[in-house]
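Here's the structure, in structure tokens; my notes come after.
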Ligand code: NAD
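In my numbering, the protein residues as written are 79 to 532.
So, in structure tokens, the structure goes:
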């Protein structure tokens, strides 16, 4: 069997490796470096820089832990160089894994021509046509921008450009208080940059639990990040003082002046040049239309990850790739399960300081009567010992049978702790089941047990 996979981000390359491990011949086409947005200009470089920011903050607070660290100074160029080294190391790892005898990696731009045929304009010149039994499209997304005057001025940048800044700006105005906007705001603030955030919606992180969003906003505010919600950005102007971003809030015209403006207003599927129409594949501006098996309107052609809309997360893309592959390996059934992957249970984390994380339904999303249980990190022994007591845990469960439906965390290491609740929801566990699980003491994950105990 042969499969062509277009795009070598976490969706594409992980699916390629899994397919090859199952004995399938794979052609993987990549127009950029392997690892895609996540590894090269998203999750990984951001986390590397966030670690530098965390170390910097920790050293500044060293005296409160009884440690004399002397004068503390940020070397921004060194932090950037470390980030590059982390990315290079991981990318080399992926490149090594892809040197599998059943995987052919083609560097170039692919377009669909018919159901089983993919044309690749090679980076080295020339074109090839690749025939396969199945095609999986995993071409990801691109940063969206606002159609406002000044959006294309020099100094108005995307998250990709923040990750390759040569010097730390004195001030940044972030447009959009979603995941990218807040992670970048938190990181830049830790590095010592003056940060203002403008958000169109009444709350930050509009798709998250409202309690969580409010507490995170307060916490970031205490750190000196100015956040204006319900702010409608109108235009950006270049002035001798810097970039002036004008917005309307409660019918009042306001503005923020900053050295750089970071546009973080979402991402859109990279539908670009793939030739969907010619291939007869149904798409909307939100992404390629797929069924529960990630199959497009053309049987045998699949779309996974950001290109299919939905949760734009690396781990979603990987899980969707496994679903597509399982569908192929089980003979492409028309209905019924092909695996036990729960594509509806997606943990997500925001790597601010402190972190936030979520899985399952928010209270507002539940259509049945629910019970809400809470606990606070200030009552957690490990958090107090660490000096990181800001945060809480909220579990949403069915009032009728105690089935856990969602969990919303804000506090130290939330991104790691959330995984326990993802496992519980995936197995339809109840609050009673959770209370029956011994949690090691003293650990941050006891915050989950404390919430369940009420
Ligand atoms: P997002 O959708 O999370 O947030 C965009 C924000 O911009 C929203 O709050 C929205 O209300 C706001 N906005 C839109 N128009 C605006 C306007 N005119 N003025 C002011 N604000 C406006 O998008 P994002 O933060 O750009 O992230 C893109 C995708 O990448 C998301 O799907 C996100 O989940 C994913 N991502 C995930 C992680 C992670 O898992 N840690 C990290 C980065 C990105």
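For glycine and all other residues, C-beta sits at the position ideal for the given N, C-alpha and C.
Taking the alpha carbon of residue i as the point to measure from, which residue in the options has its own alpha carbon closest?
{"i": "residue 100", "options": "180, 175, 496", "result": "180"}
{"i": "residue 193", "options": "269, 502, 521, 379", "result": "379"}
{"i": "residue 290", "options": "351, 522, 492", "result": "492"}
{"i": "residue 423", "options": "373, 346, 506", "result": "506"}
{"i": "residue 346", "options": "462, 115, 155, 494", "result": "115"}
{"i": "residue 375", "options": "435, 354, 485", "result": "354"}
{"i": "residue 341", "options": "170, 451, 313, 522", "result": "313"}
{"i": "residue 282", "options": "305, 151, 262", "result": "305"}
{"i": "residue 259", "options": "244, 221, 233, 288", "result": "221"}
{"i": "residue 426", "options": "287, 316, 332, 188", "result": "287"}
{"i": "residue 297", "options": "88, 466, 233, 390", "result": "466"}
{"i": "residue 146", "options": "433, 128, 138", "result": "138"}
{"i": "residue 203", "options": "187, 212, 371", "result": "187"}
{"i": "residue 360", "options": "338, 385, 344", "result": "385"}
{"i": "residue 109", "options": "96, 86, 92", "result": "86"}
{"i": "residue 178", "options": "104, 273, 318, 440", "result": "104"}
{"i": "residue 176", "options": "412, 91, 274, 485", "result": "91"}
{"i": "residue 501", "options": "444, 157, 526", "result": "526"}
{"i": "residue 339", "options": "326, 263, 440, 363", "result": "263"}
{"i": "residue 330", "options": "88, 157, 310", "result": "310"}
{"i": "residue 170", "options": "206, 261, 196, 117", "result": "117"}
{"i": "residue 470", "options": "317, 389, 477, 490", "result": "490"}
{"i": "residue 246", "options": "257, 127, 343", "result": "127"}
{"i": "residue 459", "options": "520, 440, 197", "result": "520"}
{"i": "residue 302", "options": "431, 442, 140", "result": "431"}
{"i": "residue 446", "options": "428, 462, 476", "result": "476"}
{"i": "residue 157", "options": "292, 241, 350, 443", "result": "241"}
Just to confirm, is the Cβ distance from residue i to residue j under 7 Å?
{"i": "residue 368", "j": "residue 357", "result": "no"}
{"i": "residue 238", "j": "residue 119", "result": "yes"}
{"i": "residue 438", "j": "residue 483", "result": "yes"}
{"i": "residue 217", "j": "residue 81", "result": "no"}
{"i": "residue 106", "j": "residue 94", "result": "yes"}
{"i": "residue 523", "j": "residue 495", "result": "yes"}
{"i": "residue 214", "j": "residue 402", "result": "yes"}
{"i": "residue 352", "j": "residue 200", "result": "no"}
{"i": "residue 508", "j": "residue 480", "result": "yes"}
{"i": "residue 534", "j": "residue 211", "result": "Not covered by the structure: residue 534. The range shown for the chain is 79 to 532."}
{"i": "residue 208", "j": "residue 113", "result": "no"}
{"i": "residue 315", "j": "residue 248", "result": "no"}
{"i": "residue 450", "j": "residue 474", "result": "yes"}
{"i": "residue 219", "j": "residue 390", "result": "yes"}
{"i": "residue 274", "j": "residue 326", "result": "no"}
{"i": "residue 365", "j": "residue 387", "result": "yes"}
Where DSSP assigns a beta bridge to residue i, which residues make up the other side?
{"i": "residue 82", "result": "105, 213"}
{"i": "residue 347", "result": "219"}
{"i": "residue 207", "result": "197"}
{"i": "residue 185", "result": "108"}
{"i": "residue 306", "result": "276"}
{"i": "residue 317", "result": "320"}
{"i": "residue 291", "result": "DSSP output for residue 291 lists no bridge partner at all."}
{"i": "residue 488", "result": "434, 470"}
{"i": "residue 481", "result": "508"}
{"i": "residue 340", "result": "235, 252"}
{"i": "residue 180", "result": "Paired residues: none, contrary to the question."}
{"i": "residue 455", "result": "Answer is none; residue 455 lacks a bridge partner."}
{"i": "residue 379", "result": "213"}
{"i": "residue 332", "result": "325"}
If we count Cβ pairs, one from each stretch, closer than 8 Å, do we get three or more for the segment 502 to 518 versus the segment 452 to 469?
no
Touch check for the segment 119 to 130 and the segment 159 to 174: three-plus C-beta pairs under 8 Å?
A contact between stretches requires three or more CB pairs, one per stretch, nearer than 8 Å, and the segment 119 to 130 meets this requirement with the segment 159 to 174.
Spell out a yes or no on whether the segment 242 to 256 and the segment 413 to 422 are touching, meaning 3 or more CB-CB pairs, one atom from each, closer than 8 Å.
no
Between the segment 125 to 139 and the segment 181 to 200, can you find at least three pairs of beta-carbon atoms closer than 8 Å?
no
So does the segment 225 to 237 actually touch the segment 313 to 324, counting three or more Cβ pairs closer than 8 Å?
yes
Stretch pair the segment 276 to 283 + the segment 406 to 413: three plus CB contacts closer than 8 Å
Too few Cβ pairs lie closer than 8 Å, so no.
Does the segment 461 to 481 touch the segment 263 to 272, meaning 3 or more C-beta pairs lie closer than 8 Å?
no
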